[in-house]
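Here's the structure we're looking at; comments come further down.
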Amino acid sequence: MNVKTVLILLVLALATIFALVCVLLTRGRAPSTCQHQPPEQEDTDDGQSLVFADLTPEEMVQVVRYLQGKLGVQLVDASRAKPSDNCIASVDLQVPAKAEVLRFLDGGGARPPREALAVLYFGNQPDPNVTEYVVGPLPTPAYHRDVTVQKYGGKVPYHRRPVTGKEYMDINALIQRELRKAPRFLTACCESDGTDLAILTTAPRGFKSGDRATWFVLFHSVAGTGYYLLPVGLEVLVEHGDLRVSHWQLRQVFYNGQYFASMGDLEDAFAGSLLEVVRIAKPQAEVVLGSMRPQRPPGSPGPLQYEPQGPRYSIRDNRVAFQGWSIAFGMNPNSGPRLFDIRYRGERIVYELSLQEALALYGSNCPGGMLTRYLDGSFGIGRFAYELVRGLDCPYTATYVDRHYLAESETPKTNQNSLCIFEHDAAIPLRRHFSDSQSLYYGGLRKNTLVIRAISTLINYDYIWDFMFHGSGAVEVRVHATGYISSSFLHGRGTDYGNRVGPHTLGTMHLHHIHYKVDLDIDGQLNSLETQDMGYKIMKEPWSMQNTVERLYLRRERLEREDEAAFPLNTPMPRYLSFAGPNPNKWGHLRSYRIQITSFAGEHLPASSPMERSISWGRYQLAVTRRKEEEPTSTSIYNQNDPWTPTVAFADFIDNETITNEDLVAWISVGFLHVPHAEDVPNTVTVGNGVGFFLRPYNYFDEDPSVDSPDSIYFSSEQDARACGANPLACLPPTATCTPNLPPFRYGGFRNL
């Protein structure tokens, strides 16, 4: 045998060995284990949910062009508009009337015309005002109509308009000019010439309708960290209500417990040794209070959530479908996340589920802190929902969706990847039982939920908005607060209003109150409100009449009018409160959904406050009213700057109308009191700072609908639980080898700032 033949045989032998090794390595693994599997439920929406879809950038541009050409007035881009100019403040979707939508979705009617709501500031008019126009039809506008009087009963006064970025820039320039009048004081107190100090707005802006005078709080600013923990003790009051920027004035100055008429007076007091100056060294980035820079090198990576065979949900346009659930999602630039047409197993449960407002109400012995009642909708809860960080804000493999808005500019902007959707394994059974008597078996179901999430950064605070959909047919709504606390300069009896969290920093106490609109349609639009609670009745035992027992019984009641269904904050309410439809389930009980609130809200603003009506939704933990097209929201972006004469007062919605067999809306308030403490530095943690509510089926089904889940687990003592055919959990080891092909990490969230 020659050498050439030997070499050929060796090559063939090696090839054979290699092939056998490959076969052995792959034996026991189905070739399709790691292949992407399409979701079991495909969306059959046929684009109907687009009736709720947010405007596209192209539609926004068309609305701007139409208004520029049809209004007959000069419009200045809002990004550079002075108060004395006319400008387009915002453009958003005009959600069609519910009756029109339902005729289209359920009755085969025509698709409602697609329209936009445009908000314009008219400063260059004899009677400056805010006007709202409905513009349509999109994508090619041909008409507009003024809806301001229809919505609000009159024109919106100009002083109620939200403060624009350009207005803040002009205010900052004024403050910088004024700071230059006290150079020696600034050097002594803050090692600063004023140009490196951060300036934070407060709100509201005065004490009566028509006021536009704002306290601004000054902080040391250090690159790469939050300035909110570094107050220098200086606050200034700026009057900026005049349409002429040159007429704005600094009206008052506060420093370390004392008030002055001007920065010049403050400088004179310092020069005359009439002022107690607290000298604060300029912070260094390496040791600054509140730095979020890592203090240790990275460790080993934590657990990673992924879908071995791809997502089990499907997304088409603005609708997501998952294991019987179907939800249309969107984002209002002002009020934030909004969901429509929430269906389970083809039946509509909720027509609208939307965030309405987020209130942060502070206390302090400094003017900025003692005055502040932020109504975040006027700043832009949806607009400031920035890009989410993959792998931290949401699971790495979540689906990320861009959101578009047009505000304070004639050009649309995109917050890319600012909404995420994912399936979440809660690492706890949804239900389970281990049987140790009679027959021996185990049955259970993992708690997997679909999550829709956005996170808004509103100055210092970050709010995590979650909407979760469970296999039991329940909807869970939850908000967590994190980010930086706001703070005041610590002086005098400061600790009456919070805790000291730094050398000169008072973490100021505050309330977080959040309001939601829930338009439930349970087994149709006509619903009633029913309550159930417990009681004890002392009764003689039937078999032993000389003895008594405290027998637990169920109290049932149907609430007939709105006044009965308005439950004040922090007062007892029925433990079971349900929206009931007209029809019974198999067992004779009305098909219902229960509202279950999880909240530990602080006290509402006293009714004697002149601004209480602007946040009168906060009076109630739950209020149920008849749905009206003219009551679409519980508040208004104009309430922030004129809370004394609110444009929308929720208290007016409750007028004791009947609520039996009517289209009803539940208005839900959740929140908590936050007294900042040392552990809020550098950031407030989400642990313990989450509140929300559930919408739970209550006799809506004939049994728990999750019995149909393909994720159910059952095996008995007579089965081999290690067999993949008998127990799907035994299939996980080969499936777990399907590690995901993760996309590269990218982040563009610092754009559009």
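Residue numbers (the UniProt record's numbering): 1 to 753.
Think of the CB as a built atom: it goes at the ideal place given N, C-alpha and C, for glycine as much as any other residue.
Computed from a prediction, not measured in an experiment: that's the story for all the values here.
Item                                                                                                                                   : Value
According to DSSP, residues forming a beta bridge with Asn499                                                                          : Gly507
Inter-residue spacing [alpha-carbon to alpha-carbon] between Gly377 and Lys98                                                          : 23 Å
Contacts around residue 774, its chain only, beta-carbon distance under 6 Å, and the 5 residues preceding and following it disregarded : Nothing can be reported for residue 774: it is not among the residues displayed for the chain, which extend from 1 to 753.
DSSP-derived helix/strand/coil call for Trp215                                                                                         : strand
Ala427 to Arg446 span [Cα, whole Å]                                                                                                    : 7 Å
7 Å Cβ cutoff met for Ser335 and Leu355                                                                                                : yes
Terminal residues of the alpha helix (DSSP H) in which Gly369 lies                                                                     : Pro367 to Leu371
Rounded Cβ spacing between Val222 and Pro283 (contact assumed at less than 8 Å)                                                        : 5 Å
Among Glu657, Phe254, Gln532 and Arg348, the one whose alpha carbon lies nearest that of Met573                                        : Gln532
Backbone CA spacing between Cys738 and Gln305 [nearest angstrom]                                                                       : 12 Å
Local conformation of Asn195 per DSSP, three classes                                                                                   : Per the sequence shown, the amino acid found at residue 195 is Thr instead of Asn. Looking at Thr195 - three-state DSSP - the assignment turns out to be coil, as it is neither helix nor strand.
Per-residue DSSP class, three states only, for Arg184                                                                                  : helix
Secondary structure of Trp667, DSSP reduced to three states                                                                            : strand
CA-to-CA distance, Asp46 to Thr635, given in whole angstroms                                                                           : 34 Å
Whole-Å CB distance - Ser90 paired with Val119, under 8 Å assumed                                                                      : 5 Å
Cβ-Cβ separation, Trp215 to Gly363 (assumed contact under 8 Å), whole Å                                                                : That pair is no contact at about 14 Å.
Proximity of Glu191 and Ala281 at Cβ, strictly below 7 Å                                                                               : yes
DSSP-derived helix/strand/coil call for Val156                                                                                         : strand
Rounded straight-line distance, which links the Cα of Val350 to that of Thr225                                                         : 42 Å
CB contact flag (Pro412, Leu419, <7 Å)                                                                                                 : no
For Leu371 and Pro231, the rounded distance between their alpha carbons                                                                : 16 Å
Val665 classed as buried or exposed, judged by whether at least 16 other C-beta atoms fall within 10 angstroms                         : buried
Same chain, Cβ closer than 7 Å to Ser209, neighbours up to 5 away in sequence not counted                                              : Asp642, Trp644 and Thr645
Cβ pair count under 8 Å reaching 3, the stretch 442-459 against the stretch 116-132                                                    : no
Option in Glu408, Leu200 and Gly382 with minimal Cα separation from Asp402                                                             : Gly382
Whole-angstrom distance between Val149 and His424, CA atom to CA atom                                                                  : 46 Å
Whole-angstrom distance between Thr505 and Arg431, CA atom to CA atom                                                                  : 47 Å
Integer Cβ distance of Met331 from Ala454, believed to fall under 8 Å                                                                  : 7 Å
C-alpha gap between Ala142 and Gly69, whole angstroms                                                                                  : 11 Å
Boundaries (first-last residue) of the beta strand (DSSP E) holding Val73                                                              : It is not in any beta strand (DSSP E) - Val73 carries neither H nor E in the DSSP assignment.
Simplified DSSP assignment, three categories, for Leu67                                                                                : helix
Any C-beta of chain B under 7 Å from that of Thr686                                                                                    : As a matter of chain content, chain B is missing from the structure shown, which is built from one protein chain.
Beta-bridge partners of Arg561, as assigned by DSSP                                                                                    : Thr658
Arg551 versus Asn570 - alpha carbon distance                                                                                           : 28 Å
For residue 773, three-class secondary structure by DSSP                                                                               : Because residue 773 is not part of the residues shown, which for the chain are 1 to 753, the question remains open.
Residues near Asp146 in its chain [Cβ-Cβ closer than 8 Å; skip 5 each side]                                                            : Thr131, Glu132 and Tyr133
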